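Numbering (full-length UniProt numbering), first residue to last: 1 to 183.
Don't be surprised by glycine CBs; every beta carbon is placed ideally from N, CA and C.
Since the model is a prediction, treat every value here as computed from it, not as a measurement.
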Amino acid sequence: MPFAIITPQATPQPDVELGAAIARVHVAGWREAYGHLLDERFYDDAVLATRTEQWAQWLTQPESCARTRLAVRTDPSTPVTSPGLLPSTDVVGFASVGEARDDDRTGLELWALYILSSHYGTGLGQALLDAAIGTAPATLWVAEDNPRARSFYARNGFTPDGTRNVDAAADDLAEIRMTRGGQ
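Spelled out as structure tokens, the structure:
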């Protein structure tokens, strides 16, 4: 099925429908990537509601929209002009990027990249990564026990830099930092 990568446009009021669509991908992406690592409470209805609210609010902020890319299913006969006009089921992935959050890093950080597992292997993850950061130097954090994601990032020039973090708030999820291009 064809897809497009779009940058959402900020709305004056929270776009709950689009926020819910992105939140569903966000929570499903976590479940699909970390289901074997994290307790079910990380994917329950309360988390979905919180994520929906967060995304709807972020969509009112131009700077949040500018650093977000959405992957949406498209009908080849209908041009994609605004994510707010798409049915919520059309969002199948997203990426977000911003300034590096670690004190010892500058430049870009890939904050998140999730797609629905039904779209693994389609090139959608690559398209999102390319749209979000291109070939720029960047850093990212990835679960240590996520070989699929680590392999994907390695194919895109990222290498572990030896920095490891254990997130106590996420059932002691171990993450490693990967860098590309001298970051």
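(request) Could you say which of GLN13, PHE42, ASN165 lies nearest to ALA23 if we only look at CA atoms? (result) PHE42
(message) Does the segment 55-71 come into contact with the segment 135-145, if we say contact requires no fewer than three beta-carbon pairs (one atom in each stretch) closer than 8 Å?
(response) The segment 55-71, when compared against the segment 135-145, does not touch it at the 8 Å Cβ threshold.
(request) Under 7 Å Cβ to Cβ from ALA100, same chain only, skipping five residues before and after it: list those, please. (result) Only THR106, GLY107, LEU108, GLU109, THR139 meet the Cβ criterion.
(message) Output needed for PHE152: all residues of its chain with C-beta closer than 7 Å, excluding positions within five of it in sequence on either side, in chain order.
(response) Excluding residues within five positions, the ones whose Cβ falls inside 7 Å are GLY125.
(request) Would you mind reading off the limits of the beta strand (DSSP E) that contains PRO160? (result) 159-167
(message) Can you tell me where the beta strand (DSSP E) holding PHE94 begins and where it ends?
(response) 91-99
(message) Short of 7 Å in beta carbon distance, which residues of its chain neighbour TYR114, apart from the five on each side in sequence? Order them along the chain.
(response) VAL25, HIS26, GLY29, GLY93, PHE94
(request) Just confirm the distance between the C-beta atoms of ALA127 and ILE5, as a whole number of angstroms; I'd bet it's less than 8 Å. (result) 5 Å
(message) Under DSSP, the alpha helix (DSSP H) around LEU59 begins and ends at which residues?
(response) Premise fails: LEU59 is in no alpha helix (DSSP H) and is neither H nor E.
(request) Select from HIS36, THR163, ALA71, GLY19 the residue whose C-alpha is nearest the C-alpha of ASP103. (result) THR163
(request) Would you kindly check if the distance between the Cβ of THR179 and the Cβ of THR159 is under 8 Å? (result) yes
(message) Within the continuous alpha helix (DSSP H) that includes PHE152, where are the two ends?
(response) 147-155
(message) With H, G and I counted as helix, E and B as strand and the rest as coil, what does DSSP make of GLU144?
(response) Coil at GLU144, not helix or strand.
(message) Tell me which residues share the same chain as PRO12 and place their Cβ nearer than 8 Å to its Cβ, disregarding the 5 neighbours each side in the sequence.
(response) THR60
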